[in-house]
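Those sequence lines, one after another, are chains A and B. Oh and the first sequence: position 38 is 38 in the UniProt record's numbering, straight run, nothing missing. Oh and the second sequence: position 146 is 146 in the UniProt record's numbering, straight run, nothing missing. Taking it in order: structure first as structure tokens, then the write-up.
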Amino acid sequence: MSSPRSRNFTNEEIKDLFLKLQSLLPQPNQRRNQTLSASMVLNETCTYIKRLQKEADELSERLSQLLDSVDTTGVDVELIRTLLQQ
Amino acid sequence: MESTISNPDFNIEEEELKRTKRRKTETRDPESDPKPQTTRWRSESEQRNYSTKLVEALRQVRRNSSSSSSPSSAKLSSSSSVGRHREIRDAANRVLAVSAKGKTRWSRAISRLSSKVAHNNTKHKKGANRAGAKVTGCSRLSRPEKKRLPAVQRKVKVLSRLVPGCRKVSLPNLLEETTDYIAALEMQVRAMTKITEILTGAPVNRLGLS
């Protein structure tokens, strides 16, 4: 690895990384304060990523259908609106 | 998720300031807190930026398909929406990788993949990459004791396959990449949902995400 990140991570840092990852996961209220095991965090993470990728995939599908039906002027209007609305 | 999004209005200005400062002094310093990175994906300006680029890419896809003279779109049967679905997906990922500005492994991997596909439609380097990675993976799987891998190791492996370009990175690096990747994916889904909503003029029902 040519990246400068090839230093030795301490166990503490790895634990922190797991905690940080856990905080990103969608979590029910009861679980917010618990520390999940590494195994569970990994599980949830994989599930979550798969779900996000699937959502993106379905949205691509939807968008491709929409692009078919929307005419050119429609897309331009939509572009302007996207720029302004967000 | 909601707990980390406090005041988007304030965050925008802070994020812009942070980004300007970071651009001047930024190196690939592992000591720097990766938190600003993942928070960056949550900022409105980042999403707006991404949406703009994505819409531009989508228009490009439309233009390519309607001309249907280029071999790539012909190959993907441009007239059917099914063929274009993959183009859009690829465009969305490519734009996402660009937004990451090459700071993460996963984004660089996506950019590598898309440039290969764009220039070499017949060679399918994408498949070659996977085959290459599988060689290292397969040697373990072909042994009868594959179930002896501890559960955590197995899950790390699964995760490394989900995050682009991270099959051989160390665990801590993988975790860092994953946190950034998840934040980026969330933004991608938010942006695409919004664009879809604008196009249909109706809200989109998301898979249980707030």
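From the three backbone atoms N, C-alpha and C, an ideal C-beta is built for every residue, glycine too. Quantities reported herein were computed from a predicted structural model and do not represent experimental measurements.
At which residue ranges does the UniProt domain "BHLH" (1-52) of chain A contain complete alpha helix (DSSP H) runs of 4 or more residues, listed in the order of the chain? If we require 4 residues or more, the alpha helix (DSSP H) runs fully inside the UniProt domain "BHLH" (1-52) of chain A come out as 11-24.
Leu66 (chain A) and Leu199 (chain B) - do their beta-carbons sit closer together than 8 Å? Cβ atoms of Leu199 (chain B) and Leu66 (chain A): closer than 8 Å.
Interfacial residues, the region 5-24 of chain A to chain B, with Cβ spacing under 7 Å: For the region 5-24 of chain A, the residues whose beta carbon sits under 7 Å from a beta carbon of chain B are, in order, Arg5, Arg7, Phe9, Glu13, Ile14, Leu17, Phe18, Lys20, Leu21, Leu24.
Taking only three categories from DSSP, how would you classify Lys194 (chain B)? Looking at Lys194 (chain B) - three-state DSSP - the assignment turns out to be helix.
Does any residue of chain A have a CB that is nearer than 8 Å to the CB of His119 (chain B)? Chain A contact via Cβ: absent.
If the criterion is Cβ atoms closer than 8 Å, does the pair Val98 (chain B) and Ile195 (chain B) meet it? The beta carbons of Val98 (chain B) and Ile195 (chain B) sit no closer together than 8 Å.
Given this structure, state the Cα-to-Cα distance separating Lys50 (chain A) from Asn8 (chain A), to the nearest angstrom. Taking the straight line joining both Cα atoms gives about 30 Å.
At 8 Å on the CB atoms, spell out the chain A contacts of Glu186 (chain B), in chain order. Under a criterion of Cβ atoms nearer than 8 Å, the residues of chain A adjacent to Glu186 (chain B) are, in order, Leu52.
Against chain A, which members of the region 155-178 of chain B pass a CB distance test of less than 8 Å? Answer in chain order: Lys155, Val156, Val158, Leu159, Leu162, Val163, Val169, Ser170, Leu171, Pro172, Asn173, Leu175, Glu176, Thr178.
In terms of residue numbering, what span does the alpha helix (DSSP H) encompassing Arg167 (chain B) cover? Under the DSSP assignment, Arg167 (chain B) falls outside any alpha helix (DSSP H); it carries neither an H nor an E label.
Quick check on DSSP: helix, strand or coil for Leu96 (chain B)? In this structure, Leu96 (chain B) counts as helix in the three-state DSSP scheme.
Taking the alpha-carbon of Leu63 (chain A) as reference, which of B:Asn64, B:Leu113, B:Ser43, B:Ala92 has the nearest alpha-carbon? Per the Cα distances, B:Ala92.
Does the region 175-195 of chain B touch the region 44-58 of chain B, meaning 3 or more C-beta pairs lie closer than 8 Å? Flag = yes, the region 44-58 of chain B and the region 175-195 of chain B touch.
Just to make sure I have the definition right: I need the residues of chain B whose C-beta is within less than 8 Å of the C-beta of Asn43 (chain A). Which are they? When 8 Å is used as the limit between beta carbons, Asn43 (chain A) is near these residues of chain B: Lys155, in chain order.
Taking Ser38 (chain B) as the reference, give the member of B:Thr178, B:Arg190, B:Val189 with the closest Cα. Note on identity: in this sequence residue 38 (chain B) is Thr, with Ser being the wrong assignment. By alpha-carbon distance to Thr38 (chain B), the top candidate from B:Thr178, B:Arg190, B:Val189 is B:Thr178.
Which residue comes first and which comes last in the alpha helix (DSSP H) that contains Ser43 (chain B)? Unbroken run through Ser43 (chain B): none, as it is neither H nor E.
Please state the DSSP three-state secondary structure of Leu149 (chain B). In the structure shown, the three-state DSSP call for Leu149 (chain B) is coil.
Is it right to say Ala118 (chain B) is buried, meaning 16 or more other beta carbons lie within 10 angstroms of its own, or is it exposed? Ala118 (chain B) comes out exposed.
So, for Val156 (chain B): in the same chain, excluding its five sequence neighbours on each side, which residues have a beta-carbon less than 8 Å away from its beta-carbon? If the five residues before and after Val156 (chain B) are omitted, its C-beta is found closer than 8 Å to the C-beta atoms of Leu171, Leu174, all from its own chain and listed in chain order.
Please identify the residue among A:Leu52, A:Glu12, A:Gln22 whose C-alpha is closest to the C-alpha of Val189 (chain B). Looking at A:Leu52, A:Glu12, A:Gln22, the one whose alpha-carbon comes closest to that of Val189 (chain B) is A:Leu52.
Show which residues of chain A have a CB atom less than 7 Å away from the CB atom of Pro183 (chain B). Before going on, a small fix: residue 183 (chain B) reads as Ala here, not Pro. Neighbours of Ala183 (chain B) on chain A, chain order: Leu24.
Taking just the CA atoms, how far does Arg42 (chain B) sit from Asn49 (chain B)? For Asn49 (chain B) and Arg42 (chain B), the distance between alpha carbons rounds to 12 Å.
Using 8 Å as the limit for Cβ to Cβ distance, is Met192 (chain B) near chain A? Cβ-Cβ to chain A under 8 Å: yes for Met192 (chain B).
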